[in-house]
């Protein structure tokens, strides 16, 4: 069962590995990313960052969608982490069980606008966020479990 689907450009790091895993009582972290699945050094780094006793699975977006839809992940309290809003949109479009998206951190880039402390988006991201919402997916911003969640509509100019 998916406990949380999080967008975080750093993927697995302290906030995700410990704060969110503990808060959700997650026993499996699924990193859904097409680039990382082929990067052995990065995969090794991710394995070192995971909490002990928590299973770590790294799959492409397509394979992540297949795994979630097949039911093989149902036995886990699953924390899904994707790198970008685009990846979250793809995952959500392919998995009806993704009911909400947590925006935790995106990369600050030239031409992007800041909508919260750690979230930077461009027009394409905004379009994809609206697509998520149109499909009935709740989108909220929350870096840490101890912080209050902020609904996307409160910060996104419509």
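Numbering (my numbering), first residue to last: 137 to 294.
All C-beta atoms, glycine included, are put in the ideal place defined by N, C-alpha and C.
**OP:** If I'm right that residue 147 touches residue 219 with Cβ under 8 Å, what's the distance once you round it to whole angstroms?
**Re:** Their Cβ separation, rounded to whole angstroms, is 6 Å, which keeps residue 147 and residue 219 in contact under 8 Å.
Original post:
Helix or strand or just coil, what does DSSP make of residue 273?
Top reply: Reduced to three states, the DSSP call for residue 273 is coil.
Subject >> Own chain partners of residue 258 with C-beta closer than 8 Å, once the 5 adjacent residues on each side are dropped >> reply: Hits under 8 Å: 245, 247, 248, 249.
Original post:
Hey, residue 275 and residue 237 are a contact pair by Cβ (cut 8 Å); roughly how many whole angstroms apart?
Top reply: About 5 Å separates the two Cβ atoms, so the contact holds.
Original post:
From which residue to which residue does the alpha helix (DSSP H) around residue 201 run?
Top reply: Start and end: 197 to 206.
**OP:** Please determine if the stretch 227 to 236 and the stretch 186 to 205 are in contact, where contact requires at least 3 C-beta pairs separated by less than 8 Å.
**Re:** The stretch 186 to 205 and the stretch 227 to 236 touch, with three or more beta-carbon pairs separated by less than 8 Å.
Original post:
Alpha carbon to alpha carbon, what distance is there between residue 174 and residue 278?
Top reply: A straight line joining the alpha-carbon of residue 278 with that of residue 174 spans about 29 Å.
Subject >> Residue from 157, 159, 149 whose Cα sits closest to the Cα of residue 184 >> reply: Closest option to residue 184, Cα to Cα, is 149.
Original post:
My guess is that residue 140 and residue 215 are in contact by the Cβ rule of under 8 Å, so how many angstroms apart are they, rounded?
Top reply: Sure, about 5 Å apart at Cβ, within 8 Å.
**OP:** Would you mind reading off the limits of the beta strand (DSSP E) that contains residue 229?
**Re:** Element bounds for residue 229: not the beta strand (DSSP E) but the alpha helix (DSSP H), 221 to 230.
Original post:
What first and last residue would you give for the beta strand (DSSP E) that runs through residue 171?
Top reply: No beta strand (DSSP E) holds residue 171; DSSP gives it neither H nor E.
Original post:
residue 301 bridges to which residues according to DSSP?
Top reply: Absent from the structure is residue 301, since the part of the chain shown begins at 137 and ends at 294.
Original post:
Can residue 193 and residue 162 be called in contact, C-beta distance under 8 Å?
Top reply: Cβ atoms of residue 193 and residue 162: not closer than 8 Å.
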